[in-house]
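Engineer: Residue numbers for the sequence shown follow this note's numbering, beginning at 2 and rising by one. Built from N, CA and C at the ideal position, the CB exists for glycine as well. The model shown is predicted, which means the values in this text are computed figures rather than measured ones.
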Amino acid sequence: MKKLMFLVGLFFISILIAPVTSHAIGFEVAIGGWNQSPQGDFSYKLVPGDDSIDLEKDLNYDDYIGFTGRLKVDMPLILPNIYLMTTSSQFDGEGSKAITFGGISFPATVPIDSELTLNNYDIAIYYGVPFVSTASLGMFNVDAGINVRVYDFKAKIIGQTILGITAEESVSLSVPVPMLFLAAQVKPIDMFAVEAEARVISYDDNQVYSLIGRLKVKVFGPLFAAGGYRYDRIKLDSEDVEADITLSGLFVEAGFAF
């Protein structure tokens, strides 16, 4: 709810300042929902031998429709453009497999309840590749820059131990990930655009990438509707937590640009 109120506030502030700044600064604000299908596994290993836990087979996680919001600010002159984005990813389920999590063993004879949060927040600064838009008469544009994504990772498992005692184990950490940012837009007419975005990084055994394809249609005035497909992979090893998770699915959004 805080994210929604924040972006709604940005919406009205942008409308109020539009007459003053629209000649120099461009804004695009959108909110929507992303249907996320989770796959992969994670582990919390305080001692050797703790298990990797499969999201689908062990925890029975279903799809989740998460809130998304984004704000783009096209700056004038030589100032870098700014791109902010937030995504909610939260899952829960009940499983019944023998697993060890954070040093606590849960037998398969009783069910376990679990929760997993992978909320993330992006901030990118970027520039348009020179002359591409001019050479294509404004129909094609390419952007390149750097992005920092912060993952708000939380995992919790509740169940009975082999002694019949109800136990709870959890882990929480924030992981900042620097990434490359690339984007392209094809806009053959003013009413319609095809967009692609990539945020990627690979180092050591860690790999994080987020790929977005978007179709955007202008409704009237500054308002637009959009939809597309997003694919995220998170392979991280940080502070006793190992994760290799993919989230993918369709999304829809609405917003305005001027």
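Between which residues of its own chain and Lys192 is the CB-CB distance below 8 Å, once the five residues before and five after are set aside?
Structural biologist: According to the sequence provided, residue 192 is Met. The question's Lys does not apply to it. Same-chain partners within the cutoff: Val218, Lys219.
Engineer: Across the segment 138-151 and the segment 101-115, are there enough close Cβ pairs to call them in contact, namely three or more that are closer than 8 Å?
Structural biologist: Counting Cβ pairs under 8 Å, fewer than three are found: no touch.
Engineer: Determine the closest residue to Ser90 out of Ser44, Gly222, Asp63, with distance taken between C-alpha atoms.
Structural biologist: Answer by Cα proximity: Asp63.
Engineer: Could you check how far apart the C-beta atoms of Pro131 and Phe92 are, in whole angstroms? I think they sit under 8 Å.
Structural biologist: Rounded, the Cβ-Cβ distance is 43 Å, inconsistent with contact.
Engineer: If we count Cβ pairs, one from each stretch, closer than 8 Å, do we get three or more for the segment 161-176 versus the segment 220-227?
Structural biologist: The segment 161-176 is not in contact with the segment 220-227.
Engineer: Mapping DSSP to helix, strand and coil, what is Ala156?
Structural biologist: Strand at Ala156.
Engineer: CA-CA distance, Val176 and Asp241?
Structural biologist: Roughly 13 Å separates the two Cα atoms.
Engineer: Check the DSSP bridge columns for Leu72 and list the partner residues they point to.
Structural biologist: For Leu72, which the question treats as bridged, DSSP gives the partners Val30, Leu85.
Engineer: What residue range does the alpha helix (DSSP H) around Val133 cover?
Structural biologist: Element bounds for Val133: 133-136.
Engineer: Let me know the secondary structure DSSP gives Ile100 once reduced to three states.
Structural biologist: Looking at Ile100 - three-state DSSP - the assignment turns out to be strand.
Engineer: Based on DSSP bridge pairs, tell me the residues matched to Tyr65.
Structural biologist: DSSP, once it has assigned bridges, lists Gln37 as partnering Tyr65.
Engineer: Helix, strand or coil: which one does DSSP assign to Thr110?
Structural biologist: DSSP places Thr110 in coil when its eight states are reduced to three.
Engineer: What is the residue span of the beta strand (DSSP E) that Glu240 lies within?
Structural biologist: No beta strand (DSSP E) holds Glu240; DSSP gives it neither H nor E.
Engineer: Where do the N-terminal and C-terminal ends of the beta strand (DSSP E) with Val218 fall, by residue?
Structural biologist: 207-221 is the span of the beta strand (DSSP E), which, as asked, contains Val218.
Engineer: Assuming Leu216 and Ala227 are in contact, meaning their beta carbons sit under 8 Å apart, how far apart are those beta carbons, in whole angstroms?
Structural biologist: Contact holds; Cβ gap of about 6 Å.
Engineer: Who are the near neighbours of Asn121 in its chain, counting only those whose CB is closer than 6 Å to its CB and skipping five residues on each side?
Structural biologist: Answer for Asn121: Thr88, Arg150, Tyr152, listed in chain order.
Engineer: What does a CB cutoff of less than 6 Å around Lys46 pick up in its chain, not counting 5 residues either side in sequence?
Structural biologist: Contacts found: Asp241.
Engineer: In the DSSP assignment, the beta strand (DSSP E) including Pro179 goes from what residue to what residue?
Structural biologist: Looking at the DSSP string, the run of the beta strand (DSSP E) that includes Pro179 is 167-190.
Engineer: Can the beta-carbon of Thr162 be found less than 8 Å from the beta-carbon of Phe252?
Structural biologist: Not in contact: Thr162 and Phe252 (Cβ atoms no closer than 8 Å).
Engineer: Which value, in whole angstroms, describes the spacing of the CA atoms of Glu29 and Ile113?
Structural biologist: When rounded, the distance between both Cα atoms is 43 Å.
Engineer: Looking at C-alpha atoms only, which residue of Tyr210, Gln208, Val143 is the closest neighbour of Val187?
Structural biologist: Comparing Cα positions, the closest option is Val143.
Engineer: If you follow the beta strand (DSSP E) that Ala25 is in, where does it begin and where does it stop?
Structural biologist: First-last for Ala25: undefined, no H or E at that position.
Engineer: Checking contacts by CB at 8 Å: is Lys155 closer than that to chain C?
Structural biologist: The chain labelled as chain C is not found in the depicted structure, where only one protein chain is given.
Engineer: Quick one: is Tyr204 buried, meaning 16 or more other Cβ sit within 10 Å of its Cβ, or exposed?
Structural biologist: Tyr204 is exposed by the Cβ-count criterion.
Engineer: Report buried or exposed for Leu117, applying the criterion of at least 16 other Cβ atoms within 10 angstroms of its Cβ.
Structural biologist: With 16 or more Cβ atoms within 10 Å of its Cβ, Leu117 is classed as buried.
Engineer: Decide if Glu254 is buried, meaning its Cβ has at least 16 other Cβ atoms within 10 Å, or exposed.
Structural biologist: Looking at its Cβ environment, which holds 16 or more other Cβ atoms inside 10 Å, Glu254 is buried.
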